[in-house]
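Data first, discussion second: the structure below is written as structure tokens.
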Amino acid sequence: MAAAHEGTAELIVTVGYDSGGNSEVPLDRHASEAMLSSCEANSLEELIGKSWQHVRDALSTSYNRFK
Amino acid sequence: MFDLIIKNGRIVDGSGLPAFIGDVAVSDGRIRKIGKVDEQAKTTVDAAGKVIAPGFIDPHTHFDAQLLWDGACKPALEHGITTVVPGNCSLSLAPLKAEHRKKLVGMFNQIEEMPLKAFDEGVVWDWQTFPEFIERIKRDLTINVAPLVGHSVLRLWVMGDAAMQRTATPEEVVRLQALLRECLEAGAVGMSTSYVDMDETLQPVPSRYADADELDALACVLGEYGRMLQIVHEFYNADVTVARIDELAHLSIKHGIPTTLSPIFVNADDSGEVDKVITRVREQMAAGARVWPQVQTRPIDISFCFEVPSLLFIRMPKWYAIMRFGGHDDIVQAFSDTERRAELVQDAAAMGGVWERLVVRQVQTEANQGLVGMKLSDIAAQRNTSVIDTMIDLSIEEDLQAHFLLSGMGHNDNKKIGELMADPVVHIGASDGGAHILSFATYGDTGYLFSNFVREQGALSLESAVKKITYDTANIWGLSERGLLQEGYIADITIFDPETIARDVERYVQDVPGGGSRYVRSAIGVDTVIVGGEIAYSAEHGYTTAKRGQVLPGPTG
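Just so you know, the sequences run in chain order S and B. According to this note's numbering, the first sequence is numbered sequentially starting from 1101. According to this note's numbering, the second sequence is numbered sequentially starting from 259.
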């Protein structure tokens, strides 16, 4: 959990690469909820080990709410 | 006879040298004498027990729109700010063709949270070029303004819609250079660009479509005038930030320009990431580059009310479930039902002491207005109940319109930030003044510098803190004859009580054109603010009708 620049709470997920590298991706509320739904997770711990594609799709869901 | 004498103050002149007791005399907008002044003056200010300092300079603001209806940038000025730098993050209000107004307003709304209605009702669009905009804001200027021109708007002017689709052609780059040159000659202090911001359709802002050759060509023009390049970098990733520092250092040395990147945040779980950034800055500075990382003084607070789900509650399944899936009535019902409420309290108790840090930020009933700014723990003690119960009770009393603030959730490594405040390679700034007005108050960062980092933490001396936000800032930005109390310099002066200067609690006010609202903070301990030799604000009398603000650094040639 992190405080976003605008003063809202954000969820930070870490995406691991095959090469051993990591990237931290901040998810806003809409993306976080989409991520929980697509992973059928009831808690944050249940997100661990899920595919990066869930992160990509969650971000898309958040963006697309404006379209 | 002088126009103004400030008597018996503790003079902290901005140089960083030790304070001394004396008087400051002013005439024709300039400081004429410092020390013992026996002559008479039309106006005398008694500063006994107070500090007399140069006016503070805020290098990262978004007052572009507010300047069109408020030439004092209230309440920034009453915090001792005498100069603001708007136009950061690739966004300025000029140059701007009529057909791009809607687009730019959308970007300001998305990125800086400026309400659309404020533009509709507070702005008369009577300019297009940058020189016309400068003339427009000069009509009613109480505060000094050192405006950046935004890279995104330069691209919009030259490339139209293609600015949001592709890199510039060589011919367009030449036109961008000519346009930037026109802005600098009219008085722009530099150019801003962004690598991270999104527009109102969540697409990258125009500056993000520029390639390295375009930025190099524009930096070349900045070099002709020695003006600033400001960037918003990928502040959430230290490795990419280091790469941007290298890029800025290259441009700085090649074109002889100052550069600045903002913001730099330091979280308590930072794990040394900020050290990577500052170490690289130090290395590049040692090599001759001017790359100034901006660090803001205030921590980031998370705010919430129960009308809108907040991820703050995502680790509390019962709370998040009702916030996410229940409507207003479901939430009130859950709070009011004895059994469900007990479950919620038990769920929240698992979060430990975090609730002790809650502060009431906004309420709608008259009865509870006195609670604004109070810690929930203090209210709970008054009511003889728990903090969590108090949060629930207040939410019911306010029909879920009680807003709470969990302080210091980000940019919260207080000790490390204190070290950065004192670091000679760190530029104190990034206040975002005038932006995010519906999320938090962007005023009072200078008061917080003195209250938290000088008085409470002792991270830097009073003299050093004043220097950082006056003389250092003026030097970094090339603002001549400012930032120092020196005979012959422009009389921008702030008088404050070093024992009390601070920021007040956040307040919700409705003073934005179009019936809009914003969060503000009043100043504590700021006695008098003088701009261009005239009193613009005093704690006793409030704002005056002074209009001595200037556009800095002003036209070239």
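Just so it is clear, CB atoms sit at the ideal spot from N, CA and C, and this is done for glycine as well. Keep in mind the model is a prediction, meaning the values are calculated, not measured.
No Cβ-Cβ contact shorter than 9 Å links I646/B with L707/B. The three-state secondary structure of Q488/B, taken from DSSP, is strand. Rounded to the nearest whole angstrom, the CA to CA distance from F391/B to H661/B is 38 Å.
The beta carbon of A446/B lies closer than 6 Å to those of P405, V407 in the same chain, with the five residues before and after it left out. Contact between A334/B and G272/B fails: their C-beta atoms lie close to 19 Å from each other, not under 8 Å. Around the Cβ of E472/B, a 10 Å sphere holds 16 or more other Cβ atoms; the residue is buried.
With distances taken between CA atoms, L262/B lies nearest to R290/B out of L275/B, R290/B, A547/B, V381/B. Assigned with DSSP and collapsed to three states, T802/B falls in coil, not helix or strand. Under the Cβ criterion of 9 Å, G1116/S is not counted among the residues facing chain B. The beta-carbon separation of E458/B and M365/B, rounded to 6 Å, stays under the 8 Å limit for a contact. At a Cβ-Cβ threshold of 9 Å, H337/B and R740/B do not count as neighbours. Looking at the DSSP output, E764/B shares a beta bridge with R779/B. In the structure shown, the three-state DSSP call for Q368/B is helix. A distance below 7 Å between beta-carbons, with the five flanking residues on each side excluded, links K576/B to the following residues of its chain, in chain order: E601, L602, D605.
Close CB contacts of A797/B within its chain, under the 7 Å cut and outside five residues either way in sequence, are with V784, D785 (chain order). Between I515/B and Q542/B, the CB-CB gap reaches or exceeds 9 Å.
Under the 9 Å criterion on CB atoms, R1129/S is classed as interfacial with respect to chain B. A544/B and P551/B have their C-alpha atoms some 15 Å from each other. Sixteen is the threshold: when 16 or more other Cβ atoms of the shown chains lie within 10 Å of the Cβ of E764/B, as they do, the residue is buried. In this structure, the CA atom of Y1163/S is about 18 Å from the CA atom of R466/B.
Residues of the stretch 314–327 of chain B with a C-beta less than 8 Å from any C-beta of chain S: none at all.
For K265/B, the pairing in a beta bridge is given by DSSP as D304/B. Between R485/B and S510/B, the C-beta gap is not smaller than 9 Å, which leaves the two residues out of contact. Fewer than three pairs of CB atoms, one per stretch, sit closer than 8 Å, so the stretch 769–780 of chain B makes no contact with the stretch 338–356 of chain B. The beta carbon of Q386/B is closer than 8 Å to those of A352, P353, L354, K355, A356 in its chain, skipping five residues each way along the sequence.
In summary, the residues of the stretch 553–569 of chain B whose CB is separated from some CB of chain S by less than 9 Å are P557, I558, D559, I560, S561, F562, V566, P567, S568, L569, in the order they occur in the chain. As summarised for the stretch 532–592 of chain B, the continuous alpha helix (DSSP H) elements at least 4 residues long and confined to that stretch are 575–583, given in chain order. Nearest CB-CB separation between E1140/S and chain B: not below the 9 Å threshold. The CB of L1144/S comes closer than 8 Å to the CB of I572, R573 in chain B, given here in chain order. P464/B is the residue among S450/B, P464/B, M449/B whose C-alpha sits nearest the C-alpha of M456/B. Between F698/B and G676/B, the CB-CB gap reaches or exceeds 9 Å. Under the 9 Å criterion on CB atoms, E371/B is classed as interfacial with respect to chain S. Taking 9 Å as the threshold, the shortest C-beta distance from H1154/S to chain B does not fall below it. At a cut-off of 4 residues, the continuous stretches assigned as alpha helix (DSSP H) that sit fully inside the stretch 333–416 of chain B are 359–370, 374–380, 388–396. Taking a cut-off of 8 Å for Cβ pairs, the stretch 751–760 of chain B and the stretch 306–321 of chain B touch, as three or more such pairs fall below it.
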